[in-house]
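Using full-length UniProt numbering, the first residue of the sequence shown is number 1, and each one after it goes up by one.
No residue lacks a Cβ here, since even glycine has one placed at the ideal position from N, Cα and C.
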Amino acid sequence: MQHVWQRGSQGAITERLRSFSMHDLTAIQGDEPIGQRPYQALPETRKKTKSSVSESLGYRIQLERNSGDDKTDEEMDGTHSEDEMFAQRGLRRSQSMKSVKSIKGRKEVYVACQSMLIVLVGAVPQYHINQEEIPASRDELAKHIQFTDNFTSIVTEWYLIKQEAYKVSLASSMFFAGLLIGNIAFGPLSDKLGRKPVYLSGLFFDVIFGYVAAFAPSYEIFATSRFIVGITNGGMSLVSFVLTQEYVGKSFWSFTGSLTNLTFAVGIAVYALLGYYIRQWRYLAFVSNCPGIVFFLLSLLLPESPRWLYSQGNTVEAERVLQYIALGNGKERLTIKLKPCAGTMKTDESAPSVLSLVKHPVLRWRTVILMYIWYVCSLVYYGLTLNAGELGGNLYLNVALYGLVEVPAFPLCMFFIEKPWSGRRKTMTSFLIFAGFACIITMLLPENAGLFFSPTLLALCGKMTVSAAFNIVYIYTSELYPTVLRNAGLGVCSMTCRFGGILAPFVPSMKSLNPSMPFVVFGISGLSAGFLTLLLPETVNKPIAESIEDLQMSKYQLLKNKKVTQLEENT
1 MQHVWQRGSQ GAITERLRSF SMHDLTAIQG DEPIGQRPYQ ALPETRKKTK SSVSESLGYR
61 IQLERNSGDD KTDEEMDGTH SEDEMFAQRG LRRSQSMKSV KSIKGRKEVY VACQSMLIVL
121 VGAVPQYHIN QEEIPASRDE LAKHIQFTDN FTSIVTEWYL IKQEAYKVSL ASSMFFAGLL
181 IGNIAFGPLS DKLGRKPVYL SGLFFDVIFG YVAAFAPSYE IFATSRFIVG ITNGGMSLVS
241 FVLTQEYVGK SFWSFTGSLT NLTFAVGIAV YALLGYYIRQ WRYLAFVSNC PGIVFFLLSL
301 LLPESPRWLY SQGNTVEAER VLQYIALGNG KERLTIKLKP CAGTMKTDES APSVLSLVKH
361 PVLRWRTVIL MYIWYVCSLV YYGLTLNAGE LGGNLYLNVA LYGLVEVPAF PLCMFFIEKP
421 WSGRRKTMTS FLIFAGFACI ITMLLPENAG LFFSPTLLAL CGKMTVSAAF NIVYIYTSEL
481 YPTVLRNAGL GVCSMTCRFG GILAPFVPSM KSLNPSMPFV VFGISGLSAG FLTLLLPETV
541 NKPIAESIED LQMSKYQLLK NKKVTQLEEN T
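Okay, here's the thing in structure tokens:
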């Protein structure tokens, strides 16, 4: 899952943009003509009464009616929240799918190839040394070592065995360390410079240094280029995630997020297929990097985020982008006008900060538990994927299965988390505990235990369930934090997620200490995270806290009653 994402959080990127949403375009997607009316949308952060909407909103969208429209102003008049407007007119799936496919779906296959590159490029083939003592120099080692498998890797290129074997895991960890830096650096840059230029710059350098890694003359240059690829890959993926979310309506956010993880999983299988036919590691790295050029050229056609343009006061360009999206849906007779109101860009100096996660006792323990769960999800997810080469059987088949096994995980988790009898907490607990037990049982089974009890099958089951848990934790975490601290909470959890990715490559190498050690680490981690999840509250069909005060039971019940009353009024 990277899944993230790569797997990560949009952090502060969307913090200043809550007051503007693509839901305001839903009127142009409908089948009926639209009268001349000011459309207003409540920010995602709060539900306001109608009298306070204009004060808190800071902008209006007016859709001008052409001749021949039947609706009167009185018939179309009214103030609606974003969700109401979305439900009334509906954002066409064609526009959503167009944005998703162009930015997320296809590109995630390329991102998966880059993220999992070391699995095949750093694979250790079978070898034989024809003398008892291992030569100290690399030149002498080359004379006495014989690799028996029919593929090459950085191990065969630079003889990374025995005392030098740690360098394979180090190169992988440097990539994940780059992801951490990229997530931190690219967010503020895209806030300041814009989504599109930062995304394109990241993708451009991602492709460039991908080729540097493919033609690296030494291990040091290879590892350094992988570190830079991690920075650009992580940052570019983060910005493209936000850019895609800002193209589509809120009701499609869970869909686009799941699609990202789904196509990332398919990308792992595609990479395994490439590796099966391309056995020379340099050619494999080169071919895996080539789709990046295509995606870069296609991305040049994408418009800038209208939300970011609006936040910068560039209403003219934002209107042009919105009209472009409208034309893409076949609506040519509507003129979109943004009318900024005073106070849009005002900041609240008393707004809660990241320190509030530590000061508030409920949030403090909730954050500690969630940080550990995110860390475990990342550690087990990437650790099992990188450990594919250590399992018995065909290397390429194992890698492909480790990707494809995630495909059923997403509909499975989306089904259970919406059921009142399972919800978020019980579902994620079950998935994590199952993943932990699967890893522990894997180390106890012999290689010839049979098809249904083979270590490979159980490891795949563990990968599927931890992948489902990884998908749920994004949704669950966003619901456990009040709106005013949601981005801060997700950002902190995302950082611990990256640390799990950094440590994951070293866990399979613990097999040199004990063959069962990697699965012991994965199993205990999964079980502990699963039981800790039981300490968190359930959120399915529960009101979402808007402020820290709403975490108190009385405030929470008041919020729930208010939402029920508003729903009855709008029915």
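Run of the beta strand (DSSP E) containing Gln163, from where it starts to where it stops: Premise fails: Gln163 is in no beta strand (DSSP E) and is neither H nor E.
Rounded to whole angstroms, what is the Cα-Cα separation between Phe286 and Ile544? 47 Å
Taking DSSP as the reference, what is the three-state secondary structure of Lys337? strand
In this structure, how does DSSP classify His128 when only helix, strand and coil are distinguished? strand
Check this for me: beta carbons of Tyr211 and Ile154, under 8 Å apart or not? no
How would you write the range of the beta strand (DSSP E) that Gln146 sits in, first residue to last? Ile145 to Phe147
Can you round the beta-carbon distance between Pro420 and Val540 to whole angstroms, since I take them to be within the 8 Å contact cut? 6 Å
Any idea what DSSP makes of Asn394, helix, strand or coil? coil
Enumerate, from N- to C-terminal direction, the unbroken alpha helix (DSSP H) stretches of 4 or more residues contained entirely within the stretch 175-220. 195-214
Give me the Cα-Cα distance between Gly292 and Glu157, rounded to the nearest whole angstrom. 25 Å
Does the stretch 373-382 touch the stretch 466-480, meaning 3 or more C-beta pairs lie closer than 8 Å? yes
Ordered along the chain, which non-local residues of its own chain (more than five positions away) have a Cβ less than 8 Å from that of Ser525? Val376, Leu379, Val380 and Gly436
Val514 versus Cys497 - alpha carbon distance: As written in the sequence, residue 514 is Asn, which differs from the Val given in the question. Cα to Cα, the separation comes out at about 26 Å.
In whole angstroms, what is the alpha-carbon distance linking Ile208 and Tyr110? 14 Å
Starting from the Cα of Ser509, find the closest Cα among Arg320, Ala165 and Tyr159 and give me that residue. Ala165
Can you tell me where the alpha helix (DSSP H) holding Met371 begins and where it ends? Pro361 to Leu386
What is the DSSP secondary structure of Leu551, reduced to helix, strand or coil? helix
DSSP-derived helix/strand/coil call for Thr539: coil
Just confirm the distance between the C-beta atoms of Ala529 and Leu432, as a whole number of angstroms; I'd bet it's less than 8 Å. 5 Å
If you scan the stretch 240-324 from start to end, which runs of the alpha helix (DSSP H) of 4 or more residues do you find wholly inside it? 253-277, 281-289, 291-299 and 306-311
Whole angstroms are fine: how far does the CA of Ser305 sit from the CA of Leu536? 36 Å
Arg195 versus Ala171, Asp206 and Thr244, residue with shortest Cα-Cα distance: Thr244
Quick check on the burial criterion: 16 or more other C-beta atoms within 10 angstroms. Buried or exposed for Lys167? buried
Would you say the beta carbon of Asp206 is closer than 7 Å to some non-hydrogen atom of the ligand ATP? In the structure on display, the ligand ATP does not appear, and there are no ligands present to speak of.
Quick one: grab the DSSP three-state call for Leu170. helix
Just to confirm my understanding: we take Arg16, look at its own chain, exclude 5 residues before and 5 after, and list those with CB closer than 6 Å. What are they? With a pLDDT of 39 at Arg16, under the threshold of 50, the modelled position of that residue is not reliable, and the figure given next carries that caveat. Excluding sequence neighbours, Arg16 sits near Ser311.
With distances taken from CA atoms, which of Asn394, Leu322 and Glu479 is nearest residue 576? The first residue shown for the chain is 1 and the last is 571, placing residue 576 beyond what the model contains.
How many Å lie between Val239 and Val198 at the Cα? 8 Å
Under the three-state DSSP convention, the category Ile475 falls into: helix
C-alpha distance - Val242 paired with Leu490, whole-angstrom precision: 14 Å
Starting from the Cα of Leu259, find the closest Cα among Gln131, Thr477, Ser547 and Lys107 and give me that residue. Lys107
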